[in-house]
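Worksheet for the structure shown next.
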Amino acid sequence: MLELYGTKFSSRMLLGTAGYASPDLLRQAVEASGAEIVTVSLRRESARAKTGQGFWGLIEEMGRRVLPNTAGCRTAKEAITTAQMARELFGTNWIKLEVIANDDTLQPEVFGLVEAAAELNADGFDVLPYTTEDLSVAERLAAAGCDVLMPWGSPIGSARGLANKTALQTLRAYFPDTPLIVDAGLGAPSHAAEVMEMGYDAVLLNTAIAKADNPVTMARGFARAVEGGRLAYEAGIVEPRDMATPSTPVVGTPFFKIDNAS
Amino acid sequence: MQILVNGEQHTTDAGSLEELCKRLGFADAKVATAVNGCFVAATARARTQLTEADEIEIVAPRQGG
Numbered sequence: 165m166l167e168l169y170g171t172k173f174s175s176r177m178l179l180g181t182a183g184y185a186s187p188d189l190l191r192q193a194v195e196a197s198g199a200e201i202v203t204v205s206l207r208r209e210s211a212r213a214k215t216g217q218g219f220w221g222l223i224e225e226m227g228r229r230v231l232p233n234t235a236g237c238r239t240a241k242e243a244i245t246t247a248q249m250a251r252e253l254f255g256t257n258w259i260k261l262e263v264i265a266n267d268d269t270l271q272p273e274v275f276g277l278v279e280a281a282a283e284l285n286a287d288g289f290d291v292l293p294y295t296t297e298d299l300s301v302a303e304r305l306a307a308a309g310c311d312v313l314m315p316w317g318s319p320i321g322s323a324r325g326l327a328n329k330t331a332l333q334t335l336r337a338y339f340p341d342t343p344l345i346v347d348a349g350l351g352a353p354s355h356a357a358e359v360m361e362m363g364y365d366a367v368l369l370n371t372a373i374a375k376a377d378n379p380v381t382m383a384r385g386f387a388r389a390v391e392g393g394r395l396a397y398e399a400g401i402v403e404p405r406d407m408a409t410p411s412t413p414v415v416g417t418p419f420f421k422i423d424n425a426s
Numbered sequence: 041m042q043i044l045v046n047g048e049q050h051t052t053d054a055g056s057l058e059e060l061c062k063r064l065g066f067a068d069a070k071v072a073t074a075v076n077g078c079f080v081a082a083t084a085r086a087r088t089q090l091t092e093a094d095e096i097e098i099v100a101p102r103q104g105g
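Residue numbers (my numbering), protein chains in the order written: chain A, 165 to 426; chain B, 41 to 105.
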């Protein structure tokens with residue numbers, strides 16, 4: 165089972181709640197995905213519209229564990245204050261820590277990320293940092309007290325899959341006992357299966373499901389891919405080789421003559 | 041006094057953050073607050089005095105990835 169900060173989960177998919185065409189579609193997609201953890205954010209509340217109040221009702225109704233993010237924060241200070249507001253608002257120590265470097269790539273600003281992670285961990289948060297695949301940054305995050313790491317697959321919302329698979333494999337090998345979750349950039353169920361086959365503990369996605377023509381069916385597809393990839397990892401995948409090896413027994417082949425063997 | 045509420049100019053004579061939240065209709069709403077970039081817990085709003093040019097953030101749950 166997946167274990168994050170002392171809590172066990174049977175689903176290995178974390179699902180974002182943004183970008184669905186309707187609240188009902190979101191509810192159905194979460195249901196179809198089997199996700200037990202959903203990500204949320206906090207945004208300025210308008211005195212007139214009070215949009216957040218209705219959304220909170222929906223979240224409560226879904227009954228999933230909530231993982232608030234600090235999306236859009238540009239500095240450690242902004243992320244820390246946002247995390248503190250999220251902790252009070254959602255009643256959880258869990259925080260998906262994002263410090264963003266620029267609008268084009270939405271890549272993690274890793275210096276601010278490490279700084280914020282250290283302060284939040286010291287303040288009693290359970291930090292799940294959205295980071296790059298860089299090993300040295302991952303080491304700094306682990307040293308800052310992060311027991312879970314969430315490297316990106318590729319830029320948020322890009323649906324490109326794994327841009328740097330080798331580095332992600334290195335991270336897995338280097339942190340065999342740390343829960344690793346690929347967060348961002350997955351577009352197709354095959355991407356998720358690839359992540360899970362590598363021995364990653366879980367995937368976190370949003371756009372791939374929310375923006376699919378049929379989000380509910382896509383949620384089901386991702387759930388099966390995640391499960392399939394995980395089972396493959398647990399079962400032990402056969403090493404690739406360059407030349408063919410017959411799967412059918414050679415012994416007793418009709419018309420076999422020893423001269424043909426070479 | 042003039043303050044900024046969620047990035048917009050706002051004129052108020054509310055003495056405390058709690059009073060401001062009440063006047064904006066957030067008395068029973070699920071919101072979190074910050075003043076000048078620092079988190080202010082719900083329990084601290086009543087004793088948080090507002091001063092000219094304060095920058096207030098009032099946030100609520102929203103969809104996120």
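Cβ coordinates follow ideal geometry from the N, Cα and C atoms, glycine included.
Listed in chain order, the non-local C-beta contacts of residue 309 of chain A below 6 Å within the same chain comprise 285, local neighbours out to five positions each way being set aside. Between residue 357 of chain A and residue 389 of chain A a beta carbon distance of about 4 Å is seen, short of the 8 Å cut, so the two are scored as contacting. Contact check for residue 259 of chain A against residue 250 of chain A passes: the beta carbons are separated by less than 8 Å.
Under the three-state reduction of DSSP output, residue 397 of chain A falls in the helix class. With 16 or more other Cβ atoms inside 10 Å of its own Cβ, residue 237 of chain A counts as buried. Look at residue 208 of chain A: its C-beta is under 8 Å from a C-beta on chain B.
Under the Cβ distance rule, residue 70 of chain B counts among the residues neighbouring chain A, one pair being separated by less than 8 Å. Against chain A, a Cβ distance below 9 Å from residue 55 of chain B picks out nothing, because the smallest value is about 19 Å.
Per the coordinates, the alpha-carbon of residue 185 of chain A lies some 34 Å from the alpha-carbon of residue 170 of chain A. Around the CB of residue 403 of chain A, fewer than 16 other CB atoms lie within 10 Å, so the residue is classed as exposed. The stretch 404 to 421 of chain A and the stretch 67 to 84 of chain B do not touch, with fewer than 3 CB-CB distances between them shorter than 8 Å. Within the same chain, Cβ atoms closer than 6 Å to the Cβ of residue 173 of chain A are found at 166 and 200, the five residues on either side in sequence being excluded. For the 8 Å CB-CB criterion, residue 103 of chain B and residue 386 of chain A do not form a contact.
Within the DSSP bridge table, the entry for residue 165 of chain A names no partner. For a cut-off of 8 Å, the C-beta gap from residue 105 of chain B to residue 180 of chain A is around 3 Å, short enough to register as a contact.
Distances from the alpha-carbon of residue 242 of chain A to those of A/231, A/262, A/252 and A/226 put A/262 closest.
Within 10 angstroms of the beta-carbon of residue 368 of chain A lie 16 or more other beta-carbons, which makes it buried.
When B/61, B/57, B/88 and B/94 are compared, the shortest CA-CA separation from residue 210 of chain A is found for B/61.
Pairing residue 41 of chain B with residue 208 of chain A, the inter-Cα distance amounts to about 21 Å. Under the Cβ criterion of 8 Å, residue 64 of chain B is counted among the residues facing chain A.
Three or more Cβ pairs closer than 8 Å define a contact, and the stretch 372 to 382 of chain A falls short of that threshold against the stretch 394 to 408 of chain A. At least one CB atom of chain A sits nearer than 8 Å to the CB of residue 74 of chain B. Among the CB atoms of chain A, one or more fall inside 8 Å of the CB of residue 82 of chain B. One Cα belongs to residue 392 of chain A, the other to residue 178 of chain A, and the distance between them is close to 16 Å.
Residue 313 of chain A and residue 343 of chain A have their C-alpha atoms some 7 Å from each other. Assigned with DSSP and collapsed to three states, residue 194 of chain A falls in helix. Closer than 8 Å to the CB of residue 86 of chain B there is not a single CB belonging to chain A.
Under the 10 Å beta carbon count, residue 66 of chain B is surrounded by 16 or more other beta carbons and is classified as buried. Identification of residues in the stretch 353 to 374 of chain A having a C-beta nearer than 9 Å to some C-beta of chain B yields 368, 369, 370, 371 and 374, given in sequence order. Between residue 233 of chain A and residue 205 of chain A, the CB-CB gap stays under 8 Å. When Cβ pairs closer than 8 Å are counted between the two stretches, the stretch 92 to 103 of chain B is seen to touch the stretch 214 to 228 of chain A, the count reaching three or more. The shortest CA-to-CA distance from residue 276 of chain A to any of A/366, A/230, A/362 and A/295 is the one to A/295.
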